[in-house]
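Have a look at the structure below before the remarks.
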Amino acid sequence: MKIKYNLLHKDLKTNARYGNIETNHGTVETPMFMPVGTRATVKMLTPEELYECHSGIILSNTYHLWLRPGEDLISKAGGLHKFMNYKRPILTDSGGFQVFSLAKPKDITEEGVHFKSHLDGSKLFLTPEKSIQIQNKLDSDIAMSFDECPPASATHEYMKNSIERTIRWAERGKKVHNNPNQSLFGIVQGGAYEDLRKYSAIETVKLNFDGYGIGGVANDGESKEDMYKAIDYSIPFLPEDKPRYLMGVGEPVDLLEGIERGVDMFDCVLSTRIARHGNVFTRHGKINLKNSKYKDDFTPIEDECDCYTCKNYTKAYIRHLVNSDESLGGRLLSIHNTRFLIKMMEEIRESIKEDKFSEYKKEFLEKYTK
RNA sequence: GCGGAAUUGGUGAAGUGGUUAACACGCCGGAUUGUGGCUCCGGUAUGCAUGGGUUCGAUCCCCAUAUUUCGCC
Numbered sequence: 573m574k575i576k577y578n579l580l581h582k583d584l585k586t587n588a589r590y591g592n593i594e595t596n597h598g599t600v601e602t603p604m605f606m607p608v609g610t611r612a613t614v615k616m617l618t619p620e621e622l623y624e625c626h627s628g629i630i631l632s633n634t635y636h637l638w639l640r641p642g643e644d645l646i647s648k649a650g651g652l653h654k655f656m657n658y659k660r661p662i663l664t665d666s667g668g669f670q671v672f673s674l675a676k677p678k679d680i681t682e683e684g685v686h687f688k689s690h691l692d693g694s695k696l697f698l699t700p701e702k703s704i705q706i707q708n709k710l711d712s713d714i715a716m717s718f719d720e721c722p723p724a725s726a727t728h729e730y731m732k733n734s735i736e737r738t739i740r741w742a743e744r745g746k747k748v749h750n751n752p753n754q755s756l757f758g759i760v761q762g763g764a765y766e767d768l769r770k771y772s773a774i775e776t777v778k779l780n781f782d783g784y785g786i787g788g789v790a791n792d793g794e795s796k797e798d799m800y801k802a803i804d805y806s807i808p809f810l811p812e813d814k815p816r817y818l819m820g821v822g823e824p825v826d827l828l829e830g831i832e833r834g835v836d837m838f839d840c841v842l843s844t845r846i847a848r849h850g851n852v853f854t855r856h857g858k859i860n861l862k863n864s865k866y867k868d869d870f871t872p873i874e875d876e877c878d879c880y881t882c883k884n885y886t887k888a889y890i891r892h893l894v895n896s897d898e899s900l901g902g903r904l905l906s907i908h909n910t911r912f913l914i915k916m917m918e919e920i921r922e923s924i925k926e927d928k929f930s931e932y933k934k935e936f937l938e939k940y941t942k
């Protein structure tokens, strides 16, 4: 069965919306934050720990799993869910972002993308068909179309050619997609160009996907203004009855801005990456636990936080772990950051249901950015 | 007791008679947005054991003192 998005309530004052997505691995509520598990693991966290964080959908990656261990092995294991023992829904990214980070523009052809393996330097060729076929075998709940992710600095001309090709790629991928239990999302590109976002959205929607990604907003050097514009220019042309997924965004402030504009899904490596480097989100902004002022701070990261880490450990202890390069430090902080964003989403959903999203946002930002 | 060697920041250490004393680690900050996990970027000795002397100028030369260390009795 394909996923089914149900729009349950629209905020009266903003474009924020509350809904849910029914999948073969349970129903999840939106807006939601999806932790990232690139290599079939949300780094440092077990599925049980993710459940304890109330994680819904998690993200994994076609490119990485294609290279290692290979889609055939995962298929043999019974699919990605069984392979990694995650019982809730999984979304797989198409490898499009890796095209951006690993290939040069000249390596991108109409047929597909040539680039070198980050593991051993061997030559690789990825096409829209190949990406979808790999994802079919991975058997994720949601597959993403194979797209190109041009940087914000791309010229209008380059961007126009790029989005036209991405649309053709989306169509090609959709043609070969044949997993009845997997849904497929299209991806809107176009940088911060209003006409291109509109064009990309309209043409992609014509292909009738199960949901729509808004991509190219968190590549490298995009300003927040460009990100917000990209959302504003895309969303009016996306159907109300399908989920919208802002790809790669996960800073608390950006989550609020995205939700206000009508985004339903987010994913981001930020929460787990910064955790491994000693940083955590708190209601009062991001803090760096490596700072010496936490040396003898024997209180939890946040008193009011309900995560495993905050219920059991002090800042001083975690700081010691991080400074000693002990992996438990990164683990505990990953738990906190993951729970932080998911809990934030829970509160946001409640606020939308009560038409109080604006108030929630204002209150959150007052504390977070002061 | 006699003779030799050494003494540079928190640590291990380079170095030169002449503007800002290398590097590494540590420490102190910062970054990080569809992940090329354990990374990247900054800052960190007004000072080269102490006191004299030589010199236009000394961390680098000389003398004394202290400490450490090696060898001999």
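Per my numbering, the very first residue in the first sequence carries number 573; after that it's consecutive. Positions of the beta carbon are idealized from the N, C-alpha and C atoms, including for glycine.
In the pairwise beta carbon analysis, the region 919–929 is classified as not touching the region 877–892: fewer than three pairs are separated by under 8 Å. Contact between residue 832 and residue 587 is confirmed by a C-beta separation of about 6 Å, below the 8 Å threshold. Inclusion of residue 652 and residue 710 in the CB contact set at 8 Å is warranted, their separation being smaller than that value. Scanning 813, 766, 875 and 892 for the CA closest to the CA of residue 849 turns up 892. Distance check between residue 754 and each of 573, 938, 740 and 941 places 573 closest, using alpha-carbon atoms only. Distance from the CA atom of residue 799 to the CA atom of residue 705, rounded to whole angstroms, is 31 Å. Here the alpha carbon of residue 683 sits roughly 25 Å from the alpha carbon of residue 712. Around the beta carbon of residue 909, 16 or more other beta carbons sit within 10 angstroms, so the residue counts as buried. For residue 731, the enclosing alpha helix (DSSP H) begins and ends at 728–748. Within 10 angstroms of the beta-carbon of residue 592 lie 16 or more other beta-carbons, which makes it buried. In this structure, DSSP gives residue 604 an extended state, which the three-state scheme calls strand. Here the alpha carbons of residue 802 and residue 776 stand approximately 15 Å from one another.
A distance below 7 Å between beta-carbons, with the five flanking residues on each side excluded, links residue 815 to the following residues of its chain, in chain order: 577, 593, 602, 783, 836 and 837. About 5 Å separates the beta carbon of residue 818 from that of residue 830, a gap short enough to meet the 8 Å contact definition.
As a beta-bridge residue in DSSP terms, residue 589 pairs with 582. Between residue 768 and residue 911, the alpha-carbon positions lie close to 36 Å from each other. Looking at the DSSP output, residue 632 bridges to 664. Spatial neighbours of residue 810 in its own chain (CB-CB distance under 7 Å, excluding positions within 5 residues in sequence) are listed in chain order as 773, 777, 784 and 816. Within the region 742–788, the runs of alpha helix (DSSP H) at least 4 residues long that lie entirely inside it are, in chain order, 766–778. A Cβ-Cβ separation of about 5 Å places residue 715 in contact with residue 756 under the 8 Å criterion.
DSSP places residue 594 within a strand segment (E or B) once states are collapsed to three. Rounded to the nearest whole angstrom, the C-alpha separation of residue 743 and residue 737 is 10 Å. The criterion of a C-beta distance shorter than 8 Å is satisfied by residue 904 and residue 881.
For the 8 Å CB-CB criterion, residue 726 and residue 763 form a contact.
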